[in-house]
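> My numbering applies: residue 23 is where the sequence shown begins, and numbers increase by one. We put the CB at the ideal spot given by N, CA and C, even for glycine.
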Amino acid sequence: MGLEQIVIECQKNSPVAQEQLYRLLASKIFGVCLKYSRSRDEAEDNLQDGFILIFEKIHKFEFKGSFEGWAKRVVINYILQKYRTEGVFEILHENVPDVPVVDVEEDSLSMDYLVSLIQQLPDRYRLVFNLYVIDDYSHKEIAEMLNINIGTSKSNLARARMILKEKIESQQASNKIKSAK
C-alpha cells in the first residue's frame, strides 16, 4: 500500500494503516523531535504525542503538497506550543550581538555531538536556531510562529550561534591538546 492509500485509510481511523504510517515516518519525525527537544527522552515523548496529534488531525490533510512535510509541521507546531505554554518566549527584545564565523575542522565533530550541543542550548535559542538554520524559516516566520518580534528572533539566533561557537572551539582545543600528548 502506498503512502497516499495509507493516509486515506488513516483518515478512516484504520489501526492497521496507522501502524503502517507510524513505521513509515517514525524515524523521520523522531529526527524532528530530537532537534526541538531538550533530551532524547523528551524527544521520544514528543514523537508519541506528535503521532497522536497527526492521527487526530489527519482528516485535515487535503493531499496538497507532501504528507511528510505536513506531518513534520504538525509535530513542530505541537512542540512549539508546549514551549509557549511554558513561557519560554517571554523576552520582549534583545540586542543582536555580532557572532564571528567558526572554522570547524572536518571530521573533528560527530553528528551526535553536534545534536547534543544543540539540545543543550536554552529552549528559546535552540528553537530559533533549528527553525532558522535547519528548517529554513525566515525571521519573520519564526517571529509569527513563536509570537515574538523579529529582533528577538535574530538575537536568539545570534546567541545560539555564539554558545555553539564557544562549545565547538572548546572541543577543538581539547582535541588538539589530546593529540599533542
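(1) Taking Cβ positions, are N178 and V155 nearer each other than 8 Å?
(2) So, at 7 Å on beta carbons, what are the nonlocal neighbours of K77 in its own chain, with the 5 sequence-adjacent residues on each side left out?
(3) Between the C-alpha atoms of E259 and S201, what's the straight-line distance to the nearest angstrom?
(4) Can at least three beta-carbon pairs, one atom from the region 86-100 and one from the region 181-189, be found at a separation below 8 Å?
(5) Taking the alpha helix (DSSP H) that H161 falls in, what are its first and last residues?
(6) Do V97 and V54 count as a contact pair if the criterion is CB distance below 8 Å?
(7) Can the beta-carbon of V147 be found less than 8 Å from the beta-carbon of I101?
(8) Whole angstroms are fine: how far does the CA of V29 sit from the CA of K79?
If we stick to the structure as given:
(1) no
(2) Sequence inspection shows Phe at residue 77; the Lys mentioned does not correspond to that position. For F77, where only same-chain residues beyond five positions count, the Cβ hits under 7 Å are C32, Q40.
(3) Residue 259 falls outside the range modelled here, since the chain spans only 23 to 203, and no answer is possible.
(4) no
(5) 161-168
(6) yes
(7) Looking at the sequence itself, residue 147 is Tyr, so the reference to Val does not match. Going by C-beta atoms, Y147 is not nearer than 8 Å to I101.
(8) 11 Å
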